[in-house]
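First up is the structure itself, then whatever we jot down about it.
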């Protein structure tokens, strides 16, 4: 037998010239260490500890507390599903759900297209683009409490208020703004959009950099206007980013707390009572040592709803974002 044939492994029914099959090495602790698994674990251990202590353990603790009657002072007692039943039968829960959905809907209608249109307009500017980017992002760096107090001054319901004075120039108003059950929630949405739109604008600007300029040139040769370029070129290229920002905005708006808490405290007449504000009231708002079991039960239900919503959303849009 020649040297060439001696190195060839003949497989019954196969091609003698084909390479020999690759043998899989059985994994064991020794091979795992030799391949760098131990060093990888050592480098990843600090991250795992930080996530475990500050992220995963609070989640597990919250789930456990949702089945307990506790105020973190007296010993906790196991009550099973009583906390969930108590929360679901709370007469304020339907109002909080309705107000939260109303806030999320207004935030999507007002706050979702504004950053996109702003980013498209800013990307077409030839001069002072950096200045416009700074001005767009400036509200994000303003401390939220300062921003709310500033807008609360603007929303003064008297005729001498800032917004009422401006509207008075065109013979409108004055409006009660935060004291009106019909205007309170839109007022909160307007401030929240102003405060958060800058971050989304920067994301869209970064995504627009990756859009090939040849596509706009071809559209311009075909006689497309600015809005036709946006619809037929920009929107398809940003489809993946738009899907991500859309679900993130839904999650963020459903968890709205700061604006209702600082602006109105849930009023007037529970017109701005939201789910997270109810959670706060359960835990801290009613008395010292509140009902943490009910608060965590409502938190777990909200987290489960958002998780299911996210899974369904990504399942439905997985093919759309790639096609």
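Residue numbers (full-length UniProt numbering): 1 to 323.
Virtual Cβ for every residue (Gly too), placed ideally from N, Cα, C.
Kindly indicate which three-state DSSP category residue 228 falls into: helix, strand or coil? helix
How many whole angstroms separate the CB atoms of residue 65 and residue 265, which I take to be in contact at a CB cut-off of 8 Å? With a Cβ gap of about 25 Å, residue 65 and residue 265 do not count as contacting.
Just to check my reading of the structure: residue 257 and residue 148 have Cβ atoms closer than 8 Å, yes? What is that Cβ distance to the nearest angstrom? With 8 Å as the limit, residue 257 and residue 148 do not qualify as a contact, their Cβ atoms being about 12 Å apart.
Is the beta carbon of residue 193 less than 9 Å from the beta carbon of residue 111? yes
Around the Cβ of residue 324, are there at least 16 other Cβ atoms within 10 angstroms (buried) or fewer (exposed)? There is no way to answer for residue 324, as the model of the chain reaches only from 1 to 323.
Nearest-angstrom Cα distance between residue 137 and residue 37? 43 Å
In terms of residues, what are the limits of the alpha helix (DSSP H) holding residue 46? 37–51
So, under 8 Å CB-CB, residue 139 and residue 198 are touching, yes? Tell me the CB distance rounded to an integer number of Å. 5 Å
Using the rule of at least 16 other Cβ atoms within 10 Å of the residue's Cβ for burial, across every protein chain shown, is residue 212 buried or exposed? exposed
Secondary structure of residue 274, DSSP reduced to three states: coil
Would you identify the three-state DSSP class for residue 194, choosing helix, strand or coil? helix
What did DSSP end up calling residue 296 once you bin it into helix, strand or coil? helix
Within 10 Å of its beta-carbon, does residue 209 have 16 or more other beta-carbons around it, so buried, or fewer, so exposed? exposed
Between the CA atoms of residue 59 and residue 291 - distance to the nearest angstrom: 18 Å
Look at the Cβ atom of residue 230, then the Cβ atom of residue 203, and state whether they are nearer than 9 Å. no
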